[in-house]
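A short write-up of the structure that comes next.
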Amino acid sequence: MPEAPASRPIVFVLNGPNLNMLGLREPEIYGSDTLDDIAGMLEDRARELGLDVDTRQSNHEGHLVDWIQHANAEGAKAVLLNAGAYTHTSVAIHDAIKAVTVPVIEVHLSNPHRREAFRHVSLVGQAAKGTVAGFGALSYLLALDAAAKL
Ligand code: DHK
């Protein structure tokens, strides 16, 4: 009997509020790619790296907390997380990142440090393994390259 193909390590790509609006939302800040476009680019790059990606989006803080908590049990070897505005406010997401052993890489399309003062604090970044920000859709691809090395 032929052997089943070996499964590839999975990387979760979790996206928070308003990232479902990419492509329409403030394109001068966030670019013109939609989240589906970014998911497609990530799938192509993941294949080259021998990985699989599972891209999800929710406008609800608790969904992000649940996905982080379950990442390990669902086989994720790393998590890329763009928590959107929850980046700057969510103690719950900060705590969830600290509660799991799977490495979480913070991702942003824009560079929050070049923007309004309320974006200069990142509760996600204070718990994450590292941060990639400011490169548009490329931030996600660079973060995936980093995840492949972990
Ligand atoms: C996305 C958001 O929705 C903002 O709330 C963050 C981040 C920045 C980004 O650049 O991807 O402040």
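Quick note, the sequence shown lines up with residues 233 to 382 if you use our numbering. Virtual Cβ for every residue (Gly too), placed ideally from N, Cα, C.
| query | Can you name the residues that DSSP bridges to L313? | reply | L246 and E338
| For V339, which residues from the same chain have a beta carbon less than 6 Å from its beta carbon, with the 5 sequence-adjacent residues on both sides left out? | L312, N314, V364, S371, Y372 and A375
| message | Output needed for A359: all residues of its chain with C-beta closer than 6 Å, excluding positions within five of it in sequence on either side, in chain order. | response | H326, I329 and K330
| query | Can you check whether the CB of L251 is closer than 7 Å to the CB of G316? | reply | yes
| message | For S290, would you say it is in contact with chain B, using Cβ-to-Cβ distances shorter than 7 Å as the test? | response | The displayed structure is made up of one protein chain only, and chain B is not part of it.
| message | Just checking A317 against the ligand DHK - is the residue's beta carbon closer than 6 Å to any of the ligand's heavy atoms? | response | yes
| message | Less than 7 Å between the beta carbons of A369 and I270, yes or no? | response | yes
| Got a sec: does the ligand DHK put a non-hydrogen atom nearer than 6 Å to the Cβ of R240? | no
| Rounded separation between G362 and L246 - CA only | 15 Å
| query | Whose C-beta lies closer than 7 Å to the C-beta of R347 among residues of the same chain, with five residues either side of it excluded? | reply | none
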